[in-house]
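Right, one structure below, let's go through it.
Residue numbers (this note's numbering): 8 to 71.
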(Lines of atoms letter the chains of each structure in order from A and count residues from 1; the text may use other names and numbers.)
(Lines give C-alpha, C1' and ligand atoms only; values in the text may rest on other atoms or scores of the structure.)
Protein backbone atom coordinates (compact mmCIF):
# COMPACT_ATOMS: atom_id res chain seq x y z
CA UNK A 1 0.00 0.00 0.00
CA UNK A 2 3.00 2.32 -0.10
CA UNK A 3 2.10 3.74 -3.52
CA UNK A 4 -0.81 5.76 -2.15
CA UNK A 5 -1.74 7.57 1.05
CA UNK A 6 -5.48 8.15 0.44
CA UNK A 7 -8.07 5.56 -0.54
CA UNK A 8 -11.82 5.85 -0.92
CA UNK A 9 -12.35 2.18 0.08
CA UNK A 10 -10.01 -0.34 1.73
CA UNK A 11 -11.03 -3.97 2.27
CA UNK A 12 -8.79 -6.15 4.43
CA UNK A 13 -9.09 -9.95 4.27
CA UNK A 14 -7.71 -11.79 7.30
CA UNK A 15 -6.21 -15.28 7.38
CA UNK A 16 -9.13 -16.26 9.65
CA UNK A 17 -11.62 -15.54 6.85
CA UNK A 18 -12.97 -12.28 8.31
CA UNK A 19 -13.28 -9.22 6.07
CA UNK A 20 -13.21 -5.57 7.13
CA UNK A 21 -14.23 -2.64 4.91
CA UNK A 22 -13.18 0.96 5.57
CA UNK A 23 -13.99 4.21 3.74
CA UNK A 24 -12.14 7.53 3.35
CA UNK A 25 -8.83 5.96 4.38
CA UNK A 26 -5.55 7.77 4.98
CA UNK A 27 -2.60 5.41 5.51
CA UNK A 28 -0.44 6.59 8.42
CA UNK A 29 2.05 3.72 8.76
CA UNK A 30 2.92 0.97 6.29
CA UNK A 31 6.03 -1.02 7.19
CA UNK A 32 7.14 -4.66 7.22
CA UNK A 33 5.00 -5.63 10.22
CA UNK A 34 1.95 -3.32 10.42
CA UNK A 35 -0.37 -1.09 8.45
CA UNK A 36 -2.10 1.71 10.38
CA UNK A 37 -4.62 4.16 9.00
CA UNK A 38 -7.31 6.73 9.77
CA UNK A 39 -10.80 6.21 8.35
CA UNK A 40 -14.38 7.42 8.56
CA UNK A 41 -16.65 4.92 10.34
CA UNK A 42 -19.59 3.78 8.21
CA UNK A 43 -21.79 3.35 11.30
CA UNK A 44 -21.58 6.85 12.79
CA UNK A 45 -19.34 8.96 10.53
CA UNK A 46 -16.74 9.42 13.27
CA UNK A 47 -13.03 9.62 12.44
CA UNK A 48 -11.22 6.55 13.80
CA UNK A 49 -7.89 4.73 13.54
CA UNK A 50 -7.03 1.07 12.96
CA UNK A 51 -3.86 -1.03 13.03
CA UNK A 52 -3.43 -4.49 11.49
CA UNK A 53 -0.45 -6.82 11.84
CA UNK A 54 0.49 -7.94 8.35
CA UNK A 55 1.10 -11.53 9.48
CA UNK A 56 -2.69 -11.80 9.96
CA UNK A 57 -3.63 -10.29 6.57
CA UNK A 58 -4.33 -12.64 3.65
CA UNK A 59 -5.01 -9.82 1.16
CA UNK A 60 -6.35 -6.34 0.47
CA UNK A 61 -8.58 -4.62 -2.06
CA UNK A 62 -7.93 -0.93 -2.78
CA UNK A 63 -10.17 1.68 -4.41
CA UNK A 64 -8.51 5.03 -5.03
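No residue lacks a Cβ here, since even glycine has one placed at the ideal position from N, Cα and C.
Take the Cβ of residue i as the centre, count every other Cβ of all protein chains shown within 10 Å, and call the residue buried at 16 or more, exposed below.
i	result
residue 27	exposed
residue 42	buried
residue 60	exposed
Please state the DSSP three-state secondary structure of residue i.
i	result
residue 61	helix
residue 68	strand
residue 56	strand
residue 40	coil
residue 31	strand
residue 23	coil
residue 50	coil
Can residue i and residue j be called in contact, C-beta distance under 9 Å?
i	j	result
residue 71	residue 14	yes
residue 17	residue 35	no
residue 30	residue 56	no
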